[in-house]
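**Q**
Protein chains: 2
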Amino acid sequence: MTSPAQWYETHRELLDQAVRATQARDYWSAYPESPSKSVYGEDAAPAGERAFTALLGKPFPIEVPGATGTVSTERSPYGIELGLSYPKADPLALVAAARAATPAWRAAGPQGRAGVAAEIIKRINARSFEMAHAVQHTTGQAFVMAFQAGGTHAQDRALEAVAYALAASTRMPATAEWTKPQRGGDPLRLSKTSTVVGRGVGLVIGCTTFPTWNSYPGLFASLVTGNPVIVKPHPGAILPLAITVQICREVLAESGLNPDLVTLAVEERGDGIAATLATHPDVRIVDFTGSSDFGNWLEANARQAVVYTEKSGLNTVLVDSTDDYKGMLRNLSFSLSLYSGQMCTTPQNILVPRSGIETDAGHRSPEEFGADLAAAIDKLLGDPKRAAGTLGAIVNDGVLARLTEAGTLPDVIRASAEVADEQYPGATIRTPVLARLDAADEKTYTRECFGPVSFVITTDSTEHSLRIFTETVRAHGALTASVYSISPGVLASAREAALDAGVHLSENLTGGVFVNQTAAFGDLHGTGANPAATASLTDDYFVTGRFFTLQSRHHVPATEEV
Amino acid sequence: MTSPAQWYETHRELLDQAVRATQARDYWSAYPESPSKSVYGEDAAPAGERAFTALLGKPFPIEVPGATGTVSTERSPYGIELGLSYPKADPLALVAAARAATPAWRAAGPQGRAGVAAEIIKRINARSFEMAHAVQHTTGQAFVMAFQAGGTHAQDRALEAVAYALAASTRMPATAEWTKPQRGGDPLRLSKTSTVVGRGVGLVIGCTTFPTWNSYPGLFASLVTGNPVIVKPHPGAILPLAITVQICREVLAESGLNPDLVTLAVEERGDGIAATLATHPDVRIVDFTGSSDFGNWLEANARQAVVYTEKSGLNTVLVDSTDDYKGMLRNLSFSLSLYSGQMCTTPQNILVPRSGIETDAGHRSPEEFGADLAAAIDKLLGDPKRAAGTLGAIVNDGVLARLTEAGTLPDVIRASAEVADEQYPGATIRTPVLARLDAADEKTYTRECFGPVSFVITTDSTEHSLRIFTETVRAHGALTASVYSISPGVLASAREAALDAGVHLSENLTGGVFVNQTAAFGDLHGTGANPAATASLTDDYFVTGRFFTLQSRHHVPATEEV
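Heads up: the protein sequence lines correspond to chains E and P, in order.
Going by the working numbering, the letters in the first sequence line up with residues -10 to 551, in that order.
Going by the working numbering, the letters in the second sequence line up with residues -10 to 551, in that order.
Here's what the structure looks like:
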């Protein structure tokens, strides 16, 4: 057995570094993103694949308190047979088990809990190749992306949440001496103690496209602040979170703690246990990533809980001018294509003034810009192997349906096409659709069209673009926004517009940084300031609602006096 | 004109000290609590009284955007004629004015806003004597208490909120350079900017007993984090907040800012503008102190806002044993008598085991303890002048009615009596009622009886007391709890019970510290962990929901490179 305090000592340097990284905001990562042999060792890749393959066609080995029967709901977007099944959860049993496990977790203290969390993430990192296969075959992410976004980047986001939770829950000193001078008498002296108490049972509701990246911040923030957590994966992407919960339970048990501090809640599609759990009186924290419909429902109905949601929105690009037209097109085409636009951060609405844009390659009309962007996508995806590696697979039929529908728009600039994958002939891979709209077509572009569909929207002017940007994002939300302009005045206006709209802004990205990617410890993800999300990943607000600080105080007795 | 940045420079040392005090949690106060000439000067007291008297019988001089007509609703619990009137507010006009004033406030930045706030508090402090009269003649607090709780202690709580808001909103650096190494190439380099953006219009709903102390934390936390604030006083206690808003507007105007960043919302009794304002889509922050009924209504209905409430509860004392019986009785009798029990922190339920308690003065049965406590109250209040100074006046007829009702309980240990005030013959002053109950009388003691009414409740044992304590506080809330015991085991159990109940605990207070008093920078007030409140005054959670951090990022151009 290794106690929480011992885990803290083991990982103390890493945790200190992580806390410093949250303050410095320079690039920092604890988990190498390169799946290369030089980093993870000669056997890591094949061992991970073997571990993944060994899981297929079997009940997943995990204990779920009160479970009855099994459930099997996943299918691989790459067409392979998964055959995985999981114990079917009983929501009430999970909540009861979580509550029963809580007191010892409270007693472990912030440092002990952070130590346990760091050990959990370390073991998740050690299984990154296995996890990459699990993520690939549930979400449709291509392997390298699955390794990074589903593996190491998610681990970075997890550690970031641990760091914020640890820092926030230890900012009030655990003990303090309070001495108030009294006129003509001895001072009043009190000894005061502060104890961090979790809010209650946490519920993390995962999504189908980023089951780990989007779930880890809430999971680890709740854990470190003293709460048990029930993890409810999307029926389409269970395995990555099942592995995660398995590791959590293993480390908790080895730490002499009740493993039911983290449990897995798997259901048949349509059982609705997320709603049952989210409105249970003992569930006091809900983290959700997914549709605006259910996110809004949670915000309205999970009244006994603090609710952190990340929903959908209208990610917007303002194109005004550029001194690197090729770089802009290259950057945009990659952003639109990566994981087939199935990122909550993929740009959808690209606003271009009717009079066209000035570039280092000359003036371009909106029509010319649209054609150039289509050509850049063609070029990026020209080689089928590279195309498959960039696009990944279409995660489900809903995305496919939207793609087909978008293909019927009157002014399609670039039609979607099928791409074959050598390794997985059964994979559903499609290139993006690009369609032209006018500013008046707001019925079309003010709905989120999740998937590889983007619109080049002609506006009256850059000022008009800015106005549309602010109004649509204020009303419908956005997780990302970007602007291309060589005019300091336009950039300043875009910054103000982004502050008004409540969205983070990327300016003139033409190189190896993409608007749809955010880095732990450097970039906030989401803002809370527009309807797309209620909080950022990760900042103080994201963690401070998960715990209370309770104080006790007593006179300092004579024997304790200095 | 003095710019916000200049105010920051003026008050920087104070603000730095205040931030350090939030971290150290030792005694610290910026505003001397003694109303003595040696501190505030020879003329401060008479000048403050003159300033107060000059306000009486007139419309209060304050500009309220869109106001129509005047309102006069206050009456002094000390019986003097106030004759004050205020412009009657139009809620929609206040919200519109607040929104219009916001952009320049956002641009002032956290430091500038904290500088303006510090100047405001400085000027409030300079008017502490005037404020003391205003608080005395609206709340019924005796003068010295009004000077402290309504004046300097409220100012300390204000500065504490400023310090927390400033620290939390500057923890993310305003600018950061981000450099990510690339294998075989130049690193990726981004320059990142973080901007604090307020959540939206803040609404502060004041209470009748502590109009300033309970309103300042929300007011100043919202202001410093970039929000305009509408201050809605209780119809019975407008003047202290009218003076406050007047000072806010004066400093804002002198800072070149729109004074409508802080406005006063006065209504006729029953107009219900608090509900109108609290549910307005642009009102995004609500701070409320008052009844559980309206607090719960706000939590359920002000869905577009973050809602911070401080409501009512069952403040509880566990009596098990003591080695300072006299000190315990003296301390308890003062806690029950101070401001006639009209503090949200006054103990109501005093739990005593049926077998009695061991003390340094011998064993005491519950009956003997009750009689001794009644005698201690008699002794404390024996001298009418001292009694008036401790009790203050009864704030309104509701309290008087509860006092009368409590007097009809079957087992009254100590009946209430009238006390005459030399200076104010019209004052309504009453001594506390103490009644004996059994643990089975939960219908009586699980309701809050706000005012000078407390119950000595006989339980089966100290374990039973602990159970009643935890169960009643979990269900009905509490702002304070205290325990008297010489047994380390009982103290440890009481600490655990307080953590389970979610309430702060005072242990064995027998000297000059009282359970119903909390000090800024040392004690949290309320916890959020039980139904009596949703947050503590003041910690990070209380401030982090009031703002968003929005980022922008761009490549570092060649010319900016080091």
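Beta carbons: idealized from backbone N, C-alpha and C, even for Gly.
Note that the structure is a prediction, hence the values are computed from the model and not measured.
#1: Which residues in chain E sit within 7 Å of alanine 518 of chain P, going by Cβ to Cβ distance?
#2: Can you tell which of E:Glu288, E:Thr435, E:Asp260 has its C-alpha closest to the C-alpha of alanine 464 of chain E?
#3: Might you give, ordered along the chain, the residues of its own chain that have their beta carbon closer than 8 Å to the beta carbon of threonine 164 of chain E, omitting 5 neighbours on each side?
#4: Looking at the unbroken beta strand (DSSP E) that takes in glutamate 299 of chain P, where does it start and where does it end?
#5: Under DSSP, the beta strand (DSSP E) around asparagine 338 of chain P begins and ends at which residues?
#6: Helix, strand or coil: how does DSSP classify serine 495 of chain E here?
#7: At 8 Å on the CB atoms, spell out the chain P contacts of threonine 168 of chain E, in chain order.
#8: Provide the residue span of the alpha helix (DSSP H) that contains lysine 169 of chain E, from first to last.
#9: Between the C-alpha atoms of glycine 195 of chain E and alanine 85 of chain P, what's the straight-line distance to the nearest angstrom?
#10: Does the Cβ of methionine -10 of chain P have 16 or more other Cβ atoms within 10 Å, making it buried, or fewer, making it exposed?
#11: State the start and end residues of the unbroken alpha helix (DSSP H) segment that holds glutamine 12 of chain P.
#12: Between which two residues does the beta strand (DSSP E) harbouring histidine 544 of chain P extend?
#13: Would you kindly work out how many angstroms separate the C-alpha atoms of leucine 327 of chain P and asparagine 216 of chain P, rounded to a whole number?
#14: With respect to the alpha helix (DSSP H) encompassing serine 211 of chain E, which residues constitute its N-terminal and C-terminal limits?
#15: Compute the Euclidean distance between the alpha carbons of valine 471 of chain E and isoleucine 402 of chain E, then round it to the nearest angstrom.
#16: Quick check on this structure: which residue in P:Cys333, P:Glu411, P:Gly501, P:Thr159 has the alpha carbon closest to the alpha carbon of proline 99 of chain P?
#17: In terms of alpha-carbon separation, which member of E:Gly478, E:Thr62, E:Pro162, E:Arg1 lies closest to histidine 126 of chain E?
#18: Going by the DSSP bridge assignment, what does threonine 59 of chain E pair with across the sheet?
#19: For the region 145 to 156 of chain E, enumerate the residues whose C-beta is nearer than 8 Å to any C-beta of chain P, in chain order.
#20: Sorted by chain position, which residues of the same chain lie with C-beta nearer than 7 Å to arginine 95 of chain P's C-beta, five sequence neighbours on each side aside?
#21: Here's the rule I'm using: 16 or more other beta-carbon atoms within 10 Å means buried, otherwise exposed. How should lysine 368 of chain E be labelled?
#22: Among P:Asp430, P:Trp17, P:Ala254, which residue has its Cα nearest to the Cα of glycine 58 of chain P?
#23: In or out: serine 541 of chain E buried (at least 16 other Cβ within 10 Å) or exposed?
#24: Are the beta-carbon atoms belonging to phenylalanine 439 of chain E and glutamine 331 of chain E less than 8 Å from one another?
#25: Quick one: which chain E residues come within Cβ less than 8 Å of glycine 207 of chain P?
#26: If you draw a straight line from the C-alpha of glycine 104 of chain P to the C-alpha of glutamate 2 of chain P, how long is it?
#27: May I ask you to list, following chain order, the residues of the region 483 to 502 of chain E that have a beta carbon less than 8 Å from some beta carbon of chain P?
#28: For valine 504 of chain E, which three-state DSSP category applies?
#29: Smallest Cα separation from alanine 121 of chain E: which of E:Leu287, E:His142, E:Glu485?
#30: Can you check DSSP and say which residues form a bridge with threonine 311 of chain E?
#31: Only counting the same chain, and skipping five residues up and downstream in sequence, which positions put a Cβ closer than 8 Å to that of leucine 246 of chain E?
#32: Are the C-beta of lysine 368 of chain P and some C-beta of chain C separated by less than 8 Å?
#33: Using DSSP with H/G/I as helix, E/B as strand and the rest coil, what is alanine 85 of chain E?
#34: Between P:Arg292, P:Pro373, P:Gly225, P:Ser405, which has its C-alpha nearest glycine 259 of chain P's C-alpha?
#35: Could you have a look at valine 53 of chain E and say whether DSSP puts it in helix, strand or coil?
#36: Using a Cβ-Cβ cutoff of less than 6 Å, which residues in the same chain neighbour threonine 201 of chain E once the five nearest sequence positions on both sides are dropped?
**A** Reading off the structure:
#1: Val186, Phe537, Leu539
#2: E:Thr435
#3: The residues are Ser180, Lys181, Thr182, Ser183.
#4: Element bounds for glutamate 299 of chain P: 295 to 299.
#5: 338 to 342
#6: strand
#7: Neighbours of threonine 168 of chain E on chain P, chain order: Asp15, Tyr16.
#8: Not the alpha helix (DSSP H): lysine 169 of chain E falls in the beta strand (DSSP E), residues 164 to 171.
#9: C-alpha of glycine 195 of chain E to C-alpha of alanine 85 of chain P: approximately 40 Å in a straight line.
#10: When all chains shown are included, methionine -10 of chain P counts as exposed.
#11: -7 to 13
#12: Histidine 544 of chain P -> beta strand (DSSP E) spans 536 to 544.
#13: 36 Å
#14: 205 to 213
#15: Looking at the sequence provided, one finds serine at residue 471 of chain E rather than valine. So the two alpha carbons sit approximately 21 Å from each other.
#16: When each option's Cα is compared against that of proline 99 of chain P, the closest is P:Thr159.
#17: The shortest Cα separation from histidine 126 of chain E among E:Gly478, E:Thr62, E:Pro162, E:Arg1 belongs to E:Thr62.
#18: E:Pro76
#19: Correct list: empty, as no residue qualifies.
#20: Result list for arginine 95 of chain P: Val186, Gly187, Gly215, in chain order.
#21: exposed
#22: P:Ala254
#23: buried
#24: Taking 8 Å as the Cβ cut-off, phenylalanine 439 of chain E and glutamine 331 of chain E qualify as a contacting pair.
#25: Residues of chain E passing the Cβ test: none, with the nearest at roughly 16 Å.
#26: 11 Å
#27: Arg484, Ala487, Leu488, Gly491, Val492, His493, Leu494, Ser495, Glu496, Asn497, Leu498, Thr499, Gly500, Gly501, Val502
#28: coil
#29: E:His142
#30: E:Thr348
#31: Pro(-7), Ala90, Ala93, Trp94, Ala97, Val105
#32: Structure shown: chain C not included; protein chains present are E and P.
#33: helix
#34: P:Gly225
#35: coil
#36: Gly139, Ala143, Pro229
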